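Anchor point for the first sequence: position 437 equals 437 in the numbering used here, and the numbering is continuous, going up by one each time.
Glycine is no exception: its CB is placed at the ideal position from the N, C-alpha and C atoms.
Predicted model only: the values in this text are computed from it and were never measured.
Working notes for the structure below.
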Amino acid sequence: MKTMDEQVRAFGTKIKTRFAPSPTGMMHIGSVRTALYAYIVARQNNGSFSLRIEDTDRSRFIEGSPEDIVENMNWLGLNFDEAPIFQSERKELYQQYAKELVEKGVAYEDEGAIWFKMPAEGKVTYTDLIGNRRIEFDNKTQKDFVLLKSDGFPTYHLAHVVDDHLMETNPVIRAEEWLSSTPKHILTFQAFGWQVPQYAHLPLILGTDRSKLSKRHGAKAVSEFRKDGYLPEAILNYMAFLGWTPPSGKELLNLGEMILEFKLEDVHVAPAVFDITKLEWMNGEYIRKMSGEELTQRLQEFLVDHPNRDKIAPVVPLVKERIKKLSDFVPLTDFIFEKPEYDIEVFNKIKVENQKNVLEKISQTMESFEKPWTAEEFEQAFRKLAEDLGIKVGDMFQLIRVAVSGQLVTPPLFESIKIIGEEETLNRVKEVVSKYPEF
RNA sequence: GGCGCGUUCGUCUAGAGGCCUAGGACACCGGGUUUUCAUCCCGGGAAUCGCGGGUUCGAAUCCCGCACGCGCUACCA
1 MKTMDEQVRA
11 FGTKIKTRFA
21 PSPTGMMHIG
31 SVRTALYAYI
41 VARQNNGSFS
51 LRIEDTDRSR
61 FIEGSPEDIV
71 ENMNWLGLNF
81 DEAPIFQSER
91 KELYQQYAKE
101 LVEKGVAYED
111 EGAIWFKMPA
121 EGKVTYTDLI
131 GNRRIEFDNK
141 TQKDFVLLKS
151 DGFPTYHLAH
161 VVDDHLMETN
171 PVIRAEEWLS
181 STPKHILTFQ
191 AFGWQVPQYA
201 HLPLILGTDR
211 SKLSKRHGAK
221 AVSEFRKDGY
231 LPEAILNYMA
241 FLGWTPPSGK
251 ELLNLGEMIL
261 EFKLEDVHVA
271 PAVFDITKLE
281 WMNGEYIRKM
291 SGEELTQRLQ
301 EFLVDHPNRD
311 KIAPVVPLVK
321 ERIKKLSDFV
331 PLTDFIFEKP
341 EYDIEVFNKI
351 KVENQKNVLE
361 KISQTMESFE
371 KPWTAEEFEQ
381 AFRKLAEDLG
391 IKVGDMFQLI
401 RVAVSGQLVT
411 PPLFESIKII
421 GEEETLNRVK
431 EVVSKYPEF
């Protein structure tokens, strides 16, 4: 059996792939995988990768959609080699080709539209690159279909065939929802007398209810994942693994490694369910793998409106192992930059009697420290205080934590305090003592 | 309804006749490290491989049937 590589080489000299979304909304997370695989195949064959905007249905066009697609492809690092093609600008071209088919007698005009005439006999057979499966359709089960609409625009079927022929696309990588239409396309290629490209129909990506992934599954636009603090490398990695495992068995793979390992023929035939929990885990892995400097920079790019954007560098090492998404940074570190809101309910969660009294002692102990405070002195002093007061060490530090941050969960206490500053820390504790239990 | 595709732990998957009393990852549960959380480490439960027939000494792996799911069935893509 020939590999995909051999099959494709037998077809033409250069591998050309394309991503061909229709601009009916913001770029959807599911289409990332289609774009990614097409990109990888082009890259690993020294081929070219381009963008084609399928905007032949004027009524479904959404303003800003092409820009959103380009922007997110750039963000993901999936770069195009050629200028984007807009099908709406090629109207006359499709009309010419439609006319050609009418002249050849394989298409006819009816009610202002041009229809492809289905052969009454015969079968369409082809081998899909995904799963290397032989797929067969009986022409008898197929119906005539519209090539050119009465408004003069082509349907997807005509536009796909004309464009991918002219662009010399091979292989055609698209979602499996197109599988049923493939006989139409193959027959059209043949009617023109053109070489039929190889097809790779990628299995559908499903929502948790097992229906085709859409907005209502919570898996939404790429831009929203970006806004939520997901990293492009994690998104790419996760999406690539929906239906594909690298032969090396690695759990984490960057784009370069994917280009080395990926093969279309290794992609699954069965649909996959999109599971955001695993994406989140992967995102956390990528965050932890980054250097402090790198993370700081990413965070600064992400936190465009953060009031203390320039001061986050020292905080980054404290949260690196505690955040899964860039956006997690904010709630975890707000108390470091701003005095927190206090709530007696939070203090009540710590099982310590006479809290006000203990807080008073904490305040006094802090005041007794020489500046700069040191970790050893801090820890030893409060361990001793806990012992003297007969309370658990853990509770002691939790009380300090809440007094300083207003929260039960924070990055490491002492390190946080060092960033907040001794003065400010002491002020906060004093204020808590004086206002307790009403804040 | 017609046509097409699919079916291994909850999820992503390994698996190409014996290496499978089915392996890994996420998630979950338990334990350890730890002043919280997280990280890290250790351990655990979790798929009779959709069901039923074959073929074979032997099947998750090959064949047939069925069931179920999904997709398409537009002058949408």
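Cβ pair residue i, residue j closer than 8 Å
i, j, result
"residue 21", "residue 31", "yes"
"residue 332", "residue 247", "no"
"residue 49", "residue 18", "yes"
"residue 101", "residue 147", "yes"
"residue 351", "residue 395", "yes"
"residue 327", "residue 26", "no"
"residue 125", "residue 133", "no"
"residue 129", "residue 265", "yes"
"residue 113", "residue 88", "no"
"residue 172", "residue 163", "no"
"residue 406", "residue 330", "no"
"residue 336", "residue 170", "no"
CA-to-CA distance, residue j to residue i, given in whole angstroms
i, j, result
"residue 60", "residue 176", "21 Å"
"residue 44", "residue 424", "56 Å"
"residue 293", "residue 357", "42 Å"
"residue 422", "residue 287", "30 Å"
"residue 253", "residue 241", "9 Å"
"residue 392", "residue 414", "18 Å"
"residue 435", "residue 418", "24 Å"
"residue 1", "residue 243", "At residue 1, the pLDDT of 33 sits below 50, so the modelled position is not reliable and the matter cannot be decided from this model."
"residue 143", "residue 259", "40 Å"
"residue 348", "residue 295", "36 Å"
"residue 7", "residue 41", "Its pLDDT being 46, under 50, residue 7 is placed unreliably in this model, and the coordinates cannot settle the point."
"residue 300", "residue 71", "19 Å"
"residue 432", "residue 384", "22 Å"
"residue 276", "residue 75", "20 Å"
"residue 361", "residue 339", "21 Å"
"residue 118", "residue 55", "26 Å"
"residue 505", "residue 155", "Look at the range of the chain in this structure, 1 to 439, and you will see that residue 505 is not part of it."
"residue 9", "residue 81", "Low local confidence applies: a pLDDT of 43 at residue 9 is under 50, so the model's placement there is unreliable, with the coordinate-based value given in what follows. Spanning the two alpha carbons is a distance of roughly 20 Å."
"residue 211", "residue 157", "24 Å"
"residue 5", "residue 263", "Annotation note: pLDDT 46 at residue 5 (below 50); position unreliable, coordinate value reported separately. Their backbone Cα atoms lie some 9 Å apart in a straight line."
"residue 377", "residue 268", "59 Å"
"residue 115", "residue 107", "5 Å"
"residue 226", "residue 73", "12 Å"
"residue 439", "residue 430", "12 Å"
"residue 402", "residue 382", "15 Å"
"residue 131", "residue 256", "24 Å"
"residue 152", "residue 98", "10 Å"
"residue 136", "residue 123", "7 Å"
Residue i classed as buried or exposed, judged by whether at least 16 other C-beta atoms fall within 10 angstroms
i, result
"residue 364", "exposed"
"residue 354", "exposed"
"residue 109", "exposed"
"residue 206", "buried"
"residue 324", "buried"
"residue 191", "buried"
"residue 140", "exposed"
"residue 449", "Nothing in the structure corresponds to residue 449, since the chain is present only between 1 and 439."
"residue 291", "exposed"
Per DSSP, cross-strand counterpart(s) of residue i
i, result
"residue 201", "174"
"residue 126", "135"
"residue 109", "114"
"residue 272", "205"
"residue 146", "115"
"residue 48", "16"
"residue 86", "53"
"residue 221", "28"
"residue 311", "The partner list for residue 311 (beta bridge, DSSP) is empty, contrary to what the question assumes."
"residue 212", "206"
"residue 154", "148"
Would you call the region 227 to 236 and the region 275 to 283 in contact, with 3 or more CB pairs under 8 Å? Verdict: yes, contact present.
Count the C-beta pairs between the region 197 to 206 and the region 51 to 60 that are closer than 8 Å, then say yes if the count reaches three, no if not. Segments in contact, no.
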